[in-house]
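Numbering-wise (the numbering used here), the sequence shown opens with residue 757 and increments by one. Below: one structure, written as structure tokens.
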Amino acid sequence: MACACVLSAGAAGARADLSVDGTRFIYPAQDKSITLRTGNPGSAPILVQIWLDQGEGQDDLSRLAAPFVPMPPLFRLNPGERKAIQLRYTGEPLPQDRESQFWINFMEVPTAGERRDGLKLQINLSMKLLFRPKGLPGDPRKAPGELRWAYHPAGAVLAAENPTPYSVTLRTLRVRGAPDAGLEGVTVPPYSSARLAWPGPLPRAQELTLDYEAVDDLGLAAAGTARARAAAGS
757 MACACVLSAG AAGARADLSV DGTRFIYPAQ DKSITLRTGN PGSAPILVQI
807 WLDQGEGQDD LSRLAAPFVP MPPLFRLNPG ERKAIQLRYT GEPLPQDRES
857 QFWINFMEVP TAGERRDGLK LQINLSMKLL FRPKGLPGDP RKAPGELRWA
907 YHPAGAVLAA ENPTPYSVTL RTLRVRGAPD AGLEGVTVPP YSSARLAWPG
957 PLPRAQELTL DYEAVDDLGL AAAGTARARA AAGS
């Protein structure tokens with residue numbers, strides 16, 4: 757099952773569209789390239805620029821140093837047209853004992869006609885890219901269930917420790933019995949931890965039950981449950 761992300765923007769009666777198949781991407785280290793599939797379901801031509809970063813948010817793209825090259829980095833999509841973009845790893849050293857996270861950025865650039873007409877439609881879309889070294893131990897599908905959780909009731913803080921080489925992303929995270937909507941878009945890096953400030957009070961108990969939706973390699977959500985124990989001294 758494939759997912760597609762479509763962003764649209766409109767101004768002064770004009771409309772532009774950019775679609776990308778998928779919501780996140782895995783780059784196996786042994787592959788020479790991976791394919792990004794884009795499309796234009798709209799009624800006007802668009803220009804698309806692609807670059808990668810690690811979330812720096814630099815305006816000057818020449819200062820970014822992500823070791824990946826999109827081919828081509830700038831292209832035109834006519835209405836109804838689809839285009840496959842090859843993303844290649846340049847071979848610069850990356851950790852071989854864990855995944856490394858990058859962001860693929862898509863920016864729609866106004867066409868000459870739109871600029872001439874005073875329209876400056878711009879679409880920005882960022883998608884996660886995980887570089888996965890060959891031979892990592894364990895199963896990435898099981899990594900969300902291996903997170904170790906603790907909580908600090910006084911400060912309404914949850915702590916997650918990731919003992920695996922895989923980056924874990926939780927689309928949603930809820931605490932049973934907590935009177936709030938929980939958190940969204942939680943990432944716990946490999947062999948690392950994350951402290952999560954909860955948006956409201958946490959129940960006072962020796963153990964909490966957590967419900968989450970973890971994002972898999974295809975960008976799909978898989979439901980899971982975990983237990984968080986009160987931290988020592990809480």
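Heads up, the beta-carbon is just placed ideally off N, CA and C, and yes, glycines get one too.
Exercise. When we look at the beta-carbon of D773 and count the other beta-carbons within 10 Å, is it buried (16 or more) or exposed?
Worked result: For the purposes of this step, residue 773 is identified with residue 17 of the sequence shown, where counting begins at 1. It counts as buried.
Exercise. Relative to the alpha-carbon of K890, which residue among F781, D777 and A785 has its alpha-carbon at the smallest distance?
Worked result: In the sequence shown, counting from the first residue as 1, residue 890 sits at position 134. Here the closest residue by C-alpha is A785.
Exercise. At what residues does the beta strand (DSSP E) containing L966 begin and finish?
Worked result: Looking up residue 966 in the sequence shown gives position 210. It spans E963 to V971 - the beta strand (DSSP E) in which L966 sits, taken as one unbroken run.
Exercise. Taking the alpha-carbon positions, what's the R986 to E963 distance?
Worked result: Along the sequence shown, one-based indexing puts residue 986 at 230. Along the sequence shown, one-based indexing puts residue 963 at 207. Checking the displayed sequence, the identity of residue 986 turns out to be Ala instead of Arg. Rounded to the nearest angstrom, the two C-alpha atoms are 6 angstroms apart.
Problem set entry | Segment contact, 8 angstroms Cβ cut-off, at least three pairs: the segment 933 to 951 with the segment 828 to 846 | The segment 933 to 951 makes no contact with the segment 828 to 846: fewer than 3 CB pairs, one atom from each, lie closer than 8 angstroms.
Problem set entry | Start-end ranges of the beta strand (DSSP E) lying completely within the segment 888 to 934, minimum 3 residues | Segments of the beta strand (DSSP E) lying fully in the segment 888 to 934: 904 to 908, 913 to 918 and 924 to 931.
Problem set entry | Best match in T965, A910 and Q857 for proximity to T925 [C-alpha to C-alpha] | Reading the sequence shown from its first residue, position 169 is the one you call residue 925. The option with the nearest alpha carbon to T925 is Q857.
Exercise. CA-CA distance, G766 and L976?
Worked result: Position 10 of the sequence shown, counted from the start, is the residue given in the question as residue 766. Position 220 of the sequence shown, counted from the start, is the residue given in the question as residue 976. Residue confidence is low: G766 scores 43 on pLDDT, short of 50, so the model does not pin down where it sits. Its coordinate-derived value is still stated next. Approximately 29 angstroms, taken between the alpha carbons.
Exercise. When you compare only the Cα positions, how much space is there between P893 and P945?
Worked result: The residue labelled residue 893 in the question sits at position 137 within the sequence shown. The residue labelled residue 945 in the question sits at position 189 within the sequence shown. Whole-angstrom Cα-Cα distance: 16 angstroms.
Exercise. For A758, is the classification buried or exposed, using 16 other Cβ atoms within 10 angstroms of its Cβ as the cut-off for buried?
Worked result: Numbered from its first residue, the sequence shown carries residue 758 at position 2. Confidence in A758 is poor, its pLDDT being 49 and thus under 50, which makes the residue's placement too unreliable to answer from.
For this session: Pull up the CB-CB distance for L914 and A984, whole angstroms please, since I reckon it's below 8 angstroms.
Result: Indexing the sequence shown from 1 puts residue 914 at position 158. Indexing the sequence shown from 1 puts residue 984 at position 228. L914 to A984, Cβ: 6 angstroms. Contact.
Exercise. Where does T791 fall in DSSP's three states?
Worked result: Residue mapping note: residue 791 aligns to position 35 of the sequence shown, counting from 1. The answer is strand: DSSP assigns T791 an E or B state.
For this session: Spatial neighbours of I806 within its chain, please: CB distance less than 6 angstroms, with the 5 preceding and 5 following residues excluded, ordered by chain position.
Result: Along the sequence shown, one-based indexing puts residue 806 at 50. Excluding positions up to five away in sequence, the list reads P826, P829 and F862.
For this session: Could you check if Q791 is buried or exposed, using at least 16 other CB atoms within 10 Å of its CB as the buried criterion?
Result: Within the sequence shown, residue 791 is the residue found at index 35, counting from 1. Residue identity differs from the one stated: residue 791 is Thr in this sequence, not Gln. Exposed, since its Cβ has fewer than 16 Cβ neighbours within 10 Å.
Problem set entry | Residues sharing a beta bridge with S799, DSSP | Mapped onto the sequence shown, residue 799 falls at position 43. Among the bridge pairs identified by DSSP, S799 is matched with none.
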